[in-house]
Structure formats: structure tokens, C-alpha cells
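Reviewing the structure listed below.
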Amino acid sequence: MKDTKQKWFKDAKYGLFIHWGLYSILAGEYKGIKTDRIAEWIENDLNIPVEEYRKLAEQFNPTGFNADDFVKRAKEQWGMKYIVLTAKHHEGFAMYDSKVSDFNVVKATPYGKDILKELQLACEKYDVKMGFYYSQAQDWDDPNGYMHRKDNSGKDFQKYLDEKCKPQIKELLENYGDICLIWFDTPMGITVAQTQELIDLVKSIQPNCLLSGRTGNHMGDYMTTGDNFIPRLPYEGDWEIPATVNDTWGFNKFDTNWKKQDDIISRLLKIVSRGGNYLLNVGPTAEGTVPEKCVEVLDEVGKYVTENSEAIFGTRPLGVYAYEIPGIELTGRAHKLYVHVLSPRTRIELLNIGNELKGAYVLSTGEQLEYSTLKCCEGDGMIEVELPEKLRSQKNFCVCLE
Ligand code: JFZ
Numbered sequence: 001m002k003d004t005k006q007k008w009f010k011d012a013k014y015g016l017f018i019h020w021g022l023y024s025i026l027a028g029e030y031k032g033i034k035t036d037r038i039a040e041w042i043e044n045d046l047n048i049p050v051e052e053y054r055k056l057a058e059q060f061n062p063t064g065f066n067a068d069d070f071v072k073r074a075k076e077q078w079g080m081k082y083i084v085l086t087a088k089h090h091e092g093f094a095m096y097d098s099k100v101s102d103f104n105v106v107k108a109t110p111y112g113k114d115i116l117k118e119l120q121l122a123c124e125k126y127d128v129k130m131g132f133y134y135s136q137a138q139d140w141d142d143p144n145g146y147m148h149r150k151d152n153s154g155k156d157f158q159k160y161l162d163e164k165c166k167p168q169i170k171e172l173l174e175n176y177g178d179i180c181l182i183w184f185d186t187p188m189g190i191t192v193a194q195t196q197e198l199i200d201l202v203k204s205i206q207p208n209c210l211l212s213g214r215t216g217n218h219m220g221d222y223m224t225t226g227d228n229f230i231p232r233l234p235y236e237g238d239w240e241i242p243a244t245v246n247d248t249w250g251f252n253k254f255d256t257n258w259k260k261q262d263d264i265i266s267r268l269l270k271i272v273s274r275g276g277n278y279l280l281n282v283g284p285t286a287e288g289t290v291p292e293k294c295v296e297v298l299d300e301v302g303k304y305v306t307e308n309s310e311a312i313f314g315t316r317p318l319g320v321y322a323y324e325i326p327g328i329e330l331t332g333r334a335h336k337l338y339v340h341v342l343s344p345r346t347r348i349e350l351l352n353i354g355n356e357l358k359g360a361y362v363l364s365t366g367e368q369l370e371y372s373t374l375k376c377c378e379g380d381g382m383i384e385v386e387l388p389e390k391l392r393s394q395k396n397f398c399v400c401l402e
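With the first letter of the sequence shown counted as 1, position 354 gets the number 354 in full-length UniProt numbering; the numbers rise by one all the way through.
Structure below.
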């Protein structure tokens, strides 16, 4: 079991993942050929020569990006507590001012500004925690970086670690304020000793910086589940689910399979009730904006999250999964059970969660509700909350039981 021993992580519940890089320019298509996989993998999947891929940097000019708006929206409108940007994805391109490699946003693009720095300043202004994603093993740009499903023989992986990976991580930890976590990813081919080198480096600079479950060899600080995976039962310890709103991470102009707001709300609550954090991704366009449809969904989810924040943030996992009541999700903290009503109903019936109740009310308005309890035997029983007429046709509200 992994324990971060960090309250912020246990309380955070909902964060924003941002996959953004040169792949956002291609947006799922290269020379008329569409990729049938996730968009940020296009270089690897369509075998784009490194020299050609590098040239994309000359087109990267996201003038529509405004870090301040972005972070403000994530915090105030979407209700998210932390942000994780791809500082370097598998493509090897740094979204910050790196002295280690010129293949970075400041040196190689007409934009010329340090995106991570802009994000850091906005995160500090709005009091949002910032972390970054860093692909520690795969680097398709570096001659010694790992490449998936390609011939890696003859590469000097340690050289890549020593000359690019570690120096870049050092830069990132020294120049961008407090980093809440590093999202290392897909530790292909990395040994226990090499993983330890990375961990030692990170902790020597920022001892409180957490490391994702994909740091390698089960040596991260918390567990990272498979993408979009919702466990049936609570997991022990601290964990996080990386997830998409559509089916890709990096922007793909052909992927319009946006999950519905109700689906995202229900996923978030299932994850929260089982003790995890939901790291939900947006893939900005090459212009630096988030697709309108995606914003609409996140805005709607955000309304629920901000109206019912007490029932989400700082809650602790429940052990009542026998109660998979259709249309209801439960979250809780000491002496409070939050009943999230996600489809219309006339009453809430809960079996075997105890029978002592001090009150029942609509969380967002404080409106008191009629309830009754039934005692079968000691410690057993039923709670019934009758919903008033006007609430019976409604969904997406939360009832607090004290
Ligand atoms: C990785 C990346 O390759 C991908 O581009 C994206 O960044 C995503 C968040 O992470 O892909 C993975 C890695 C591990 C699993 C799934 C996708 N997994 O263990 O299920």
C-alpha cells in the first residue's frame, strides 16, 4: 500500500492533466494519413523521421494560450485542485526553457515563451498546485532514448539518463517553484538502480515532490491505475486515475467522442468514494485553446463540483460498496454521508448503513428533508429520505445525511 503522507494529495480529488506538444499541430494526421491511435503517439505510430518531426517546432505558435485564463478556469469553473502539464512527452520536446536541449519551446519555436513558467505564475496567483509530466524512459528525439516497438539495441540508455533526462529534471525542479508531483510515465526498460537515481535526484531538490505510480519498478509514491479505469472496490492507500474526456490525450481533430457531463460526474464520484484522485485530461490545440465541446462538458461538471465541493474535497473513502444503487453515488467523511442523486427519484433508501440520523438536507441549499429510520436490530436498519415534489424530477444534486 502506498501512502504519500501528504494531506493535499489525499484531499485533492480532482486535477487537470494537460497533454500539449508538437503533436498538437498534427492533430491526428500526417501527410494525409490519420493515426488510429492516441494523437501524441503519431511520430512513433506513423514512423515520422525525427528530422521532419523536429521541423514542426517552426510552426508552434499558440497565440491563443493564456495561462492566467486557463488556470483561473480550471480552478474556479472546473473546481480542480492541481494541474499537471506535459513538460516533455515521448516526442522529446520540452515545453519550457531548457538549457539541456535546444529542442524546446523557447529556442525552437516562433512562440519563444516558456509555457511552464507562464503556467507556474498563474498557478501561484490562483493557489493551484502544479506538477509536470516527464517521459523518463521514452524519448523519440534523443538517439539514446527508448522507443516503443522499435529497435533499441546499440543505444546507451544510461547516457540519455545522465545527459538529458536527469539534467532536465533538475532544471524543472530548480526553476519552477514548488512542484507538487512529477508524473513519470511508462518506465520501459528502466532498472531499479536507474529508478533510484531519479528518485534520489528529485528528493534531493524537492523532498515533498511526489512521484507517480509509473515512476518505475513500483517505486513511486502513490499508485497510478490504468487509464480511465474505475475500480469496483476501494483501493487502500493513495492513488490516482489518469483519464480522458474523449479518447486521446494530445489534441486529435477527428476525435469528437466527448464523454457526457453526467458520465464524468459519475466517474469522479465513484473514484472519490473509493479513495482516489481523478486526473482529467485536456489536449489543447496548436493555438493553445481547448476544444469548445470539451470546455462545455467540463463547465457543466464544474457546476456540480463547485456547488457540492464539501461532498468531494477532503472526503475519505467509504466501505459501503454493497450499495451500488443505480443513479446514486455515495461519498463521506466522519459523521456525514453524502448521497449524490444522479438520476431522478422519489426517495432515497439506504439499507444497513446504520439507523441513527441527526438530519438530512440538500447540500447546496441547506433545505431540510423529511426522513425516517427503521431499526431492525442493533447496528442494522434502514434510512429513508422522502424527496419533496419539486426535487423528484431533478438530477445532479446532493443530499447530506448527518
Ligand atoms: C501513457 C502514454 O504513452 C500516453 O501517451 C499518455 O501520456 C498516457 C497518460 O500514458 O500511456 C499509457 C501508459 C500506461 C497505461 C496506459 C497508457 N497503462 O498502464 O494502462
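Cβ coordinates follow ideal geometry from the N, Cα and C atoms, glycine included.
The model shown is predicted, which means the values in this text are computed figures rather than measured ones.
Closer than 7 Å: Asp340 CB and nearest the ligand JFZ heavy atom: Checking the sequence shown, residue 340 turns out to be His, not Asp. Remark: the C-beta of His340 is outside contact range of the ligand JFZ, defined as less than 7 Å to any heavy atom.
Contact test: Ile83 Cβ vs the ligand JFZ heavy atom, cutoff 7 Å: At a threshold of 7 Å, Ile83 does not count as near the ligand JFZ, since its beta carbon sits no closer than that to any of the ligand's heavy atoms.
Spatial neighbours of Asn246 in its chain, beta-carbon cut-off 6 Å, leaving aside the 5 residues before and after: For Asn246, where only same-chain residues beyond five positions count, the Cβ hits under 6 Å are Asp255, Asn257 and Trp258.
According to DSSP, residues forming a beta bridge with Lys129: Per DSSP, Tyr82.
Short Cβ contact (8 Å threshold) for His19 with Gly314: Gly314 is positioned such that its CB atom lies no closer than 8 Å to that of His19.
Residue span of the beta strand (DSSP E) that contains Phe17, given as start and end: First-last of the beta strand (DSSP E) with Phe17: Tyr14 to Ile18.
For Asn217, three-class secondary structure by DSSP: Looking at Asn217 - three-state DSSP - the assignment turns out to be coil, as it is neither helix nor strand.
Complete runs of the beta strand (DSSP E) confined to the segment 356-398 [at least 3 residues]: Runs found: 360-362, 371-374 and 382-386.
Nearest-angstrom beta carbon gap, Ser212 and Leu172 [assumed within contact, 8 Å]: Between Leu172 and Ser212 the beta-carbon gap is near 14 Å, outside 8 Å, which marks them as no contact.
Integer Cβ distance of Val341 from Leu330, believed to fall under 8 Å: Contact between Val341 and Leu330 does not hold, since the beta-carbon distance rounds to 11 Å and is not under 8 Å.
Whether Ala138 touches Thr186 by CB criterion (8 Å): It is Gln, not Ala, that sits at residue 138 in the sequence shown. Yes, they are a contact pair.
Ile271 beta carbon near the ligand JFZ (any heavy atom closer than 7 Å): Placement of the Cβ of Ile271 at a distance of 7 Å or more from every heavy atom of the ligand JFZ is found.
Minimum C-alpha distance to Pro167 - residue among Ser393, Val202 and Asp178: Nearest in C-alpha terms to Pro167, of all of Ser393, Val202 and Asp178, is Val202.
Where Pro344 falls, given that 16 or more other Cβ within 10 Å makes a residue buried: Under the 10 Å beta carbon count, Pro344 is surrounded by fewer than 16 other beta carbons and is classified as exposed.
Supposed contact pair Ile25 and Leu56 - C-beta distance, whole angstroms, cut 8 Å: With 8 Å as the limit, Leu56 and Ile25 qualify as a contact, their Cβ atoms being about 5 Å apart.
Pairwise C-alpha distance: Asn44 and Tyr160: If I take the Cα positions, the gap works out to 18 Å.
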